[in-house]
Amino acid sequence: MTSSHRAIVRLFLALLINCAVWLTATTRASGQATTGKDAAAPATREAGLAAWQQVYSVLTHPRCINCHTATDYPQQGDDRHRHLFNVVRGPGGKGVPALNCATCHQAANADSTGVPGAENWHLAPLSMRWQDMNDKILSSAEICKSLTDRSKNDNMDGTALLKHHQTEPLVHWAFAPGRGRDGTARSLPPLSHDQLVAATRTWVEAGMPCPQNP
Amino acid sequence: METYKLTVNGQQKEVTADPGTPLLWVLREDLKMTGTKYGCGIAACGACTVHLAGVATRSCVVPVSLIGDRPVVTIEGIGQDPVGRAVQDAWVSEDVVQCGYCQSGQIMAAVALLKKTPKPSVTNIEQSMGGNICRCGTYVRIREAIAAASQQLK
C-alpha cells in the first residue's frame, strides 16, 4: 500500500467515526424529544381504565358508599349497617322533618360526641346509587356507567366531576372523617384526597373510559 | 374553656364552657334550663330535642362550639310559638303524658313536623316521630295529639 492509499484509508476511517458519533448524538437527542412528547400526550385508554379502578376503590369505601345507597336509609360504619334511630332518606335525601340529617350532623365533625359532620350533609340521589336494593356494591363497570351518565349525575361532564372530587365538602370529609363515639378514628379510603383527584384527572383526560365487563 | 354568646328562646345568654360540651349540658348545667332531658346521650332517643334555627336537633351530640349564631328554642320557649302552643294544648287535651320524661323531646319533634308538614299523613308522623322513643308507650296518644294540633291549626 502506498502512502497515498494509507492517507485515503485514514481519511475514510475518520469520516466513519465522525458519522457514528453524530448519529449517536442525534439519536439520543431524538429519544429525549420523544420522551418529552409522551409526557405531554393525553392519557391512554389503558391509563384511564387503571385510574378509574383507583377512583372506584375510593367510591366504594364505606366513607363514600354509605350515603350512595339504593334504599330508603343511609348506612353507618365500616360494616355498612343500616343507620340507627329509624333515620329515613326523605324526599330530598336529607331525612324528614324532626329527623333530618341536620338533627345530628352539623357542619363539622363533633369529635367530643362522635357524630361526623360536614356542610350540607345528605344522601346522594337515588340516580347515583352505587349499591343494589340488597346493599350489594355495584360492579366497577356499573358504577362507571352511572357516573358518566349525565342524566343521572346531575349533568356533570368530566370537568365538573373532577371539580366535584376536588371541592365538594362531603368528598373532603371522607378523607378527614373524625372520630367515633369511642374515640377511635374512622377508617380512611385507600387513596389520599390528592391521589383521588390525580386519578380522576387521568381518567377524565383519557375520555372517562369504563370497563366493558360487569 | 371558651365563652359563647347564645340566643336561647329569644334571650341573649353568655356561657363559658369547653368547646366540646354538648348543648344539652350547657342548657341544663350552665343555664339551669332543665326542661330538655338527658336520655341516652347518643342521639338515639330524642329526649334532648331542641330547635336550632328551626331544625329539630339532638342537643346531646351537638357541641356548643358548633352552634354559631343559630338561635336555640327549647321546651321552655316553644309555647310562645303558635304551632308550639297548639301542640302543647293538644298534648293536654289528649292526655298524652304518662311519666313525662321523653315528652319535651316529643313535643319539640312534633312542632318541627307540623311547621314543615301542617297536614301530616300517618306515614309522615311515623317517620318524623320514629326517632323519639317513649318507654311508657304513649305513641298512640302522641299520634292523636299531632292530628288534633294539625286540625286546630287549620
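Here the protein sequences come in this chain order: C and G.
Heads up: the first sequence runs through residues 1 to 214, numbered per our numbering.
Heads up: the second sequence runs through residues 215 to 368, numbered per our numbering.
Every residue gets a Cβ at the ideal spot worked out from N, C-alpha and C, and that includes glycine.
Here the structure is a predicted model, which means the values were calculated and not measured.
- prompt: At least one CB of chain C closer than 9 Å to the CB of G:P296: is that the case?
  reply: no
task: Let me know the secondary structure DSSP gives G:P334 once reduced to three states.
output: Three-state DSSP puts G:P334 in coil, outside helix and strand.
- prompt: Are the beta-carbon atoms belonging to C:V197 and C:L147 less than 9 Å from one another?
  reply: no
message: I need the boundaries of the beta strand (DSSP E) containing G:K227, first residue and last residue.
response: 225 to 231
query: the stretch 92 to 106 of chain C: which residues have C-beta closer than 7 Å to a C-beta of chain G, in chain order?
result: V96, P97, A98, L99, N100, A102, T103, C104, Q106
- prompt: Which residues in the same chain have their Cβ closer than 8 Å to the Cβ of C:C19, if we skip the five residues on either side of it in sequence?
  reply: Its pLDDT being 38, under 50, C:C19 is placed unreliably by the model, and the measurement read from it follows with that caveat. Within the same chain, C:C19 has no close Cβ partners at all.
- prompt: Curious, which full-length beta strand (DSSP E) runs of at least 3 residues does the stretch 269 to 326 of chain G contain?
  reply: Complete beta strand (DSSP E) runs here, min 3: 269 to 272.
task: Taking only the alpha-carbon atoms, compute the straight-line gap between C:L215 and C:N155 and give it to the nearest angstrom.
output: Here chain C has residues from 1 to 214 only, and residue 215 of chain C is not among them.
- request: Just grab the DSSP bridge partners of G:T217 for me.
  value: Bridge pairing for G:T217: G:T230 [DSSP].
message: Considering Cα atoms alone, identify which of G:V278, G:K251, G:G253 is closest to G:T221.
response: The candidate whose alpha carbon is nearest that of G:T221 is G:V278.
message: Counting only C-beta atoms, is G:V336 closer than 9 Å to chain C at any point?
response: By the rule that beta-carbons nearer than 9 Å mark a contact, G:V336 does not touch chain C.
query: Residue range of the beta strand (DSSP E) that G:H265 falls in?
result: 263 to 266
query: If we call anything under 9 Å between Cβ atoms a contact, is G:N346 one with G:V286?
result: no
field: Proximal residues of chain C, C-beta to C-beta of G:I280 below 9 Å
entry: Checking the sequence shown, residue 280 of chain G turns out to be Leu, not Ile. Under the 9 Å cutoff, chain C gives Q106, A107, A108, A110, G117.
Cutoff 6 Å; reference C:A185; Cβ partners in own chain excluding five residues on either side: R179
query: Near C:S151, which residues of its chain fall below 8 Å by C-beta distance, leaving aside the five closest residues on each side in sequence?
result: Excluding sequence neighbours, C:S151 sits near S127.
message: Could you tell me the alpha carbon to alpha carbon distance between C:A114 and G:D309, rounded to whole angstroms?
response: Going by the sequence as given, residue 114 of chain C is Gly instead of Ala. One alpha carbon belongs to C:G114, the other to G:D309, and they sit about 37 Å apart.
message: For the pair the stretch 349 to 367 of chain G and the stretch 313 to 331 of chain G, tell me if three or more CB-CB distances fall below 8 Å.
response: yes
CA-to-CA distance, G:V269 to C:N100, given in whole angstroms: 8 Å
query: Any Cβ of chain G within less than 9 Å of the Cβ of C:R181?
result: yes
message: Going by DSSP in three states, C:H105 sits in which element: helix, strand or coil?
response: coil
message: On a Cα-Cα basis, can you pick out the residue from G:P296, G:G319, G:I360, G:M322 that is closest to G:V336?
response: G:I360
task: Assign C:L215 to one of two classes, buried (16 or more other C-beta atoms within 10 Å of its C-beta) or exposed (fewer than that).
output: Past the edges of chain C, shown from 1 to 214, lies residue 215 of chain C, and the structure says nothing about it.
task: Put G:R193 into one of helix, strand or coil per three-state DSSP.
output: Coverage of chain G is limited to positions 215 through 368, which leaves residue 193 of chain G absent and any answer about it impossible.
Distance between beta carbons of G:V276 and C:Q76, contact taken as under 8 Å: Rounded to the nearest angstrom, the Cβ distance from C:Q76 to G:V276 is 18 Å, too far for a contact under 8 Å.
- prompt: Going straight from the alpha carbon of C:R45 to that of C:P209, what length do you get?
  reply: 6 Å
query: On the premise that G:M322 lies in contact with G:I281, defined as a C-beta separation below 8 Å, what is that separation, rounded to the nearest angstrom?
result: Contact flag wrong, Cβ pair sits at about 16 Å.
message: For the alpha helix (DSSP H) containing C:K145, name the first residue and the last one.
response: 140 to 147
query: Per DSSP, C:I137 forms a beta bridge with which residues?
result: C:Q131
task: Measure the alpha-carbon distance for C:R181 versus C:P116 and round it to whole angstroms.
output: 10 Å
field: C:P169 versus G:G298: straight-line alpha-carbon distance, rounded
entry: 35 Å
- request: Put G:V222 into one of helix, strand or coil per three-state DSSP.
  value: In this structure, G:V222 counts as strand in the three-state DSSP scheme.
message: For a quick check, are the C-beta atoms of C:T200 and C:H165 less than 9 Å apart?
response: yes
field: C-beta contact flag for G:G344 and C:V204 at 9 Å
entry: At the C-beta level, G:G344 and C:V204 stay beyond 9 Å of one another.
query: With G:R284 and G:L266 assumed to form a contact (beta carbons below 8 Å), what rounded beta-carbon distance in angstroms separates them?
result: Their Cβ separation, rounded to whole angstroms, is 5 Å, which keeps G:R284 and G:L266 in contact under 8 Å.
query: Between the Cα of G:L238 and the Cα atoms of G:G260, G:G314, G:T217, which residue gives the shortest distance?
result: G:G260
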